[in-house]
Amino acid sequence: MQIKIQNLSYYYPNSKQKALDSINLEINDGEFVLVAGYSGSGKSTLAKCITGAVPNFYGGKIGGKVLLDDEEILNIEDRRRAGLITMVFQDPERQLLMNKVYREIAFGLENIALDEGTIKKEYGSPLSFVE
Ligand SMILES: Nc1ncnc2c1ncn2[C@@H]1O[C@H](COP(=O)(O)OP(=O)(O)OP(=O)(O)O)[C@@H](O)[C@H]1O
Ligand SMILES: [Mg+2]
24 MQIKIQNLSY YYPNSKQKAL DSINLEINDG EFVLVAGYSG SGKSTLAKCI TGAVPNFYGG
84 KIGGKVLLDD EEILNIEDRR RAGLITMVFQ DPERQLLMNK VYREIAFGLE NIALDEGTIK
144 KEYGSPLSFV E
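The number in this note's numbering is simply the position in the sequence shown, starting from 1, with 23 added.
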């Protein structure tokens, strides 16, 4: 997958300051990219734009484009987008919701609307996971 960011700028709701200002970036398939910057410089905001959480979830004002394989992220329907790209938060403990490995995996799959039978068939029964 290729990620292309074109002239991306963003304001959080009620903020007069841009969290991102005219970002241009291209990440090609197989590349491993480190984004470094001081606290508050916009690293997490950039990641949220790449997943579409900004502005779909956070609101605010956005300019420019994020393209996944030349398709604009904001035009990709939620369910398909969730299967294409996501992010790991900086505090992993806040991203874990369940107390069993199988339930944690099943939670994500249920959220992309796979039914229980498919989850068990394609991803294994609860007994095949280390609990
Ligand atoms: N939900 C939010 N609402 C309003 N402003 C926000 C929100 N989240 C972040 N900001 C602001 O946007 C700017 C960029 O923040 P961001 O969290 O993207 O920085 P960061 O580089 O990830 O910082 P850190 O290294 O501390 O994780 C900061 O000025 C921050 O205060
Ligand atoms: Mg951050």
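C-beta: ideal position from N, C-alpha, C; glycine also.
Assign residue i to one of three DSSP states: helix, strand, or coil.
{"i": "I135", "result": "coil"}
{"i": "K66", "result": "helix"}
{"i": "D52", "result": "coil"}
{"i": "K27", "result": "strand"}
{"i": "L43", "result": "strand"}
{"i": "S32", "result": "strand"}
Using only the heavy atoms of ligand 1, determine whether one of them is closer than 7 Å to the beta carbon of residue i.
{"i": "Y35", "result": "yes"}
{"i": "Q118", "result": "no"}
{"i": "Y81", "result": "yes"}
{"i": "A42", "result": "yes"}
{"i": "K66", "result": "yes"}
With distance defined between alpha-carbon atoms, name the residue in the options nearest to residue i.
{"i": "G53", "options": "L31, Q25, I96 and S38", "result": "Q25"}
{"i": "N51", "options": "L31, D92, E139 and Y146", "result": "D92"}
{"i": "G147", "options": "R126, N134 and F80", "result": "R126"}
{"i": "N79", "options": "S64, A105 and N47", "result": "A105"}
- Runs of beta strand (DSSP E) lying entirely within the segment 68–147, each at least 3 residues, in chain order: DSSP runs (the beta strand (DSSP E)) wholly in the segment 68–147: 84–91.
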